[in-house]
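Worksheet: the structure to be examined is printed underneath.
Protein chains in written order, with this note's numbering: chain C, 207 to 1212; chain Z, 3 to 250.
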């Protein structure tokens, strides 16, 4: 196609741009020009808004307009907004006030949509200096964020607006303590809630914290520090995997199967290879046949090995058929259309209930299949779990009542806004460099080595910033594609998923059918609780065993019963994880637990109401308490030898009390007048609750490492293999290191992660980074601190003639302090050690793995309004009170809760991946697959209930996954509360809710 | 694939460009249709310089230029609230800032809130050259672009009372089912049903009085579904719109 020139005015500068084709979008040209702050979200209809630019001062999606359309218009990208204020001798205007507000307010998580949001805020404030929160939400509504839940970005823009108006702005670190609890009053804003009076709009971003344990005196831990990577993310710096230019880089594309199950009889790639600009086409005949699992887990992979880079068989619509590398994306896509494939269709299985039927087609008939535990490919069984704790049958016999019900949960997508993306190239040492957006760089290196035929030592995996992962990137999903093509061509290759590929070829949450059977006494004592799960792993068994194991391990552990049953609970958890011809499921935030809690918490509500018991009291009566054994710790450990674990801290009662007070439970629950709306007979209000527990890391298995090195100026390099996927883990690791080293967080320079330079870490999953990697950081910091104290003792003796033991010296305020106040600064110590005397490099490496997995606990509440004529449910408010141990950074932790609740809200009411009778996905974009936008969010509130977990140096547990667990059942219970309808399947679509309403009306009529 | 881009400065030039059959030429508004391009080699004729973005009133008629953006229409004070609601649901703000009214209509689906409302108002389309008038109800099901013609504007009567309601999975989800109902001072009632299963929103009823609307809705639904839920809520929503207009 003819290439032309055009003149664009970008960021106030007019430039002639050459080599533009008429079909090039503005996004493509901006990124080609090095303006990487404008992001690609993989979509075709501009659904995600990550590519937002200002077009004559209005926000538009640059992926949705042609570059030629932009000629004559004023285009502004994030690069025009502000810059780092500290650039040595050069004076700069610094960051824009909106950028500062985003950093201060904790509005940045993964940062992938941040440039777009900053631009949207700028456009809004230019025309409306005093926006309401609703107007801010509307201005952000074109930009999808999967991390934040939008609360903090909205507050950031309101904060910037107030600042621009010259108002006094409160500090974000002003602590807020919830009011003392009174069961009969709604928790009113406390005196410390400074959102009133200073500005008309709410700009307070810090969460409320209730300290159960005596507060510790920390200087860094517990502070709402700015994220250490915020400044680059807010400027849209080229921090992500795709933000790189390499000479001669090819674009990879994959031909995906249009058929759910077939043998490939023949592939003709001759026409594709002949297309000018195509450099390589690979099929299963071109690469080694190595069986592996794409799951990013520690060795040995706790699941079957059933996957090949390319195979002579396809097992789902979206499975891989061929790889293409070409000079451009358009050529590569054209080449895909020229590949001719002769498929021999096979019978398909889409209903997991049919997978194990006698005579069912075997999806994995390959001889290389490697079993794990009880997997059995001949039965289409990827994993089988049979756990009995206590005497379940006796427990049922003891019961006065038996309650049984079937529940169902859907397949849902992680929908991180940055798609899967990888860049591969040979370095000057002929080592394969894999720059990839992954949660598991070290697992990726280990798993890929045999697949691409290189030893581990000849592979380097670099993890830049990650634009969200949520488990979707705990998978070695696409790295092999680019690596194979780099091997084939010798050239750098980039492979970036489109949004459609995310839906048809990436991983998802396992859909499950769950049967509950529960025995209970008249007084509400549980005598036995049983769950059977049929889980659909799709065409491959990645995470099949461990996700489904977690379903029971966490959700069935919460309710142990009371009295004698508390001492010896009767719990059964059985599961069959079966293959079907759906796209594979995998890891997704919560890792099986949200599925379990939908069933358990709906079931507990059903039982409590049937027995006429208060649903909260019933739950607390039967729930696990501090000092008790985790019931599953004696029975199961992901296919390994179980080891008993005592749960030391349980803040559930406080969570319930604070959650109740925050949502006004006592005023609403059981109050008929609150449930109706005068003048609107078709509307009903409802309120619901769910109590939940999660885990913190995988005991005796997952390990994290850290290394710390002291620099001349008393700053430190902290190198971690842990992978901050937007959670803020780099920041809280820096805070913990700073706490031990007596310095500030900004003196800790965090680098994560690169398999060549950073210590091993299992990666970001299982809610483990704060706990596992954090403990490793603390161990390394303690070693460094001891070296500093020893050196300080020497220097104090030389300087002041005072003999001190190193243990008498403490580190604080960037100094080493003696008991009498004599001190040496860290900078002086660094100079002394590096240059002046007995020279040494003060540094240390440490690692940590845990014998326990202390669970966080939470009470989650939902308030809804529903239309009983249409079944439409609107969630008005979500509250989560969570015991995550000591909160290292309230700002990033509350961001985790808000973002998690928002994802869980989608799980509750609208997200669902569905397929036609041929296994073809119905949802392939973020319009059909709806995730919540800024202008439709409910009010959300977070309360932290701080216990002190003794197994962590600073008392921390996890918070990242638990918000996923209780929103759906709380919404389901609120629907029941509103209209009596028993919803057994999520999402709570209007049709499902309406059907549930019809069912109760049918019962009443009969 | 787009192989040629043109930005004519006059209507005549645009019409001439659109008359070509090699390359096949299509008008380009905001770009809404780009996502629908099936790979066919086409030339695009960008209408942004043609000043077709005026919003005007002539007598009792509201005239909306084809190149008016959805956001400009949404922010127009004289547009009724229910039409604003429909525009807000049609696309998020980033898209509304660039998508034109014509582009949104041309690329609309069967559950398009905006198209459902325009059809309910029995909107007229005006085409260049020659100011030929065609009702949207006649044009949209076929969406036929004759070579050398250009959509100039949309007209509807300002005297109409428009009511709209849709049902989606969340407050700003594109509705899977929506109803728009227009009532003229004369007593004429026109009801349009939008649904995900349709390619174009369907006419349910057009006439004086609405006594037969239930039967008409059942009939309209029967062309694409036998789902009792859809039929039932269509009736309930329409009843509600006829009597109160109350929304959740």
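We put the beta carbon where it would ideally sit given N, CA and C, even for glycine.
Residue 1196 of chain C belongs to the set of residues whose beta carbon lies under 7 angstroms from a beta carbon in chain Z.
Not a single C-beta of chain Z is nearer than 7 angstroms to the C-beta of residue 893 of chain C. By the rule that beta-carbons nearer than 7 angstroms mark a contact, residue 274 of chain C touches chain Z. Cβ proximity to chain Z below 8 angstroms picks out nothing from the region 576-603 of chain C. Listed along chain C are 1115, 1116, 1136, 1193, 1195, 1196, each with a C-beta nearer than 8 angstroms to that of residue 171 of chain Z. The shortest C-alpha to C-alpha distance from residue 67 of chain Z to any of Z:79, Z:53, Z:60 is the one to Z:53. Residue 971 of chain C carries a coil assignment under DSSP once its states are collapsed to helix, strand and coil. Along the region 908-966 of chain C, the beta strand (DSSP E) occurs as fully enclosed runs of 3 or more residues at 909-916, 922-926, 954-957, listed in sequence order. Counting C-beta pairs with one atom in each stretch, the region 1070-1089 of chain C and the region 582-600 of chain C have fewer than three that are closer than 8 angstroms, which means they do not touch.
Ranking Z:192, Z:214, Z:211 by CA distance to the CA of residue 204 of chain Z puts Z:192 first. Comparing alpha-carbon positions, the option among C:469, C:555, C:600, C:515 lying closest to residue 548 of chain C turns out to be C:469. Residue state for residue 738 of chain C is assigned as strand, using DSSP reduced to three classes.
Counting only Cβ-Cβ distances below 7 angstroms, residue 7 of chain Z has contacts in chain C at 228, 272, 274, in chain order. For the pair residue 751 of chain C and residue 716 of chain C, the Cα-to-Cα distance works out to about 11 angstroms. Under the three-state reduction of DSSP, residue 1100 of chain C is assigned to helix. Between residue 1114 of chain C and residue 1173 of chain C, the C-beta spacing is below 7 angstroms.
At a cut-off of 7 angstroms between beta carbons, residue 347 of chain C contacts chain Z. Within chain C, no C-beta atom comes less than 8 angstroms from the C-beta of residue 84 of chain Z; the nearest is roughly 17 angstroms away. Assignment of beta-bridge partners to residue 55 of chain Z by DSSP yields no partner. Here residue 233 of chain Z is actually not in contact with residue 1076 of chain C; their C-beta atoms are around 13 angstroms apart, not less than 8 angstroms. Between the region 682-700 of chain C and the region 646-663 of chain C, the count of Cβ pairs shorter than 8 angstroms is three or higher; the stretches touch.
Between residue 669 of chain C and residue 929 of chain C, the CB-CB gap stays under 7 angstroms. The distance from the Cβ of residue 1095 of chain C to that of residue 573 of chain C is about 51 angstroms, inconsistent with a contact at the 8 angstroms cut-off.
Straight across, the Cα-Cα distance linking residue 754 of chain C with residue 596 of chain C is about 21 angstroms. The beta carbon of residue 31 of chain Z sits no closer than 7 angstroms to any beta carbon of chain C.
Between residue 555 of chain C and residue 743 of chain C, the gap from beta carbon to beta carbon reaches 7 angstroms or more. Three or more beta-carbon pairs separated by less than 8 angstroms link the region 894-901 of chain C to the region 803-818 of chain C, which places the two stretches in contact. For residue 1078 of chain C, at least one C-beta of chain Z is nearer than 7 angstroms to its own C-beta. Under DSSP, residue 1127 of chain C takes part in a beta bridge, and its partners are C:1121. A residue is called buried when at least 16 other Cβ atoms come within 10 angstroms of its Cβ; residue 23 of chain Z does not meet this threshold and is exposed. In the DSSP assignment, residue 332 of chain C falls within the alpha helix (DSSP H) that extends over 320-333. Shown here for residue 465 of chain C: same chain residues with a beta carbon closer than 7 angstroms to its own, the five before and five after excluded, namely 520, 523, 549, 551 in chain order. Taking the Cβ atoms as the reference, residue 538 of chain C lies roughly 10 angstroms from residue 461 of chain C, outside the contact range of under 8 angstroms. For residue 317 of chain C and residue 152 of chain Z, the gap between their C-alpha atoms comes out near 43 angstroms. Neighbourhood of residue 48 of chain Z in chain C, by CB distance below 7 angstroms: 275, in chain order.
One thing to note: residue 265 of chain C has its Cβ no nearer than 7 angstroms to the Cβ of residue 307 of chain C.
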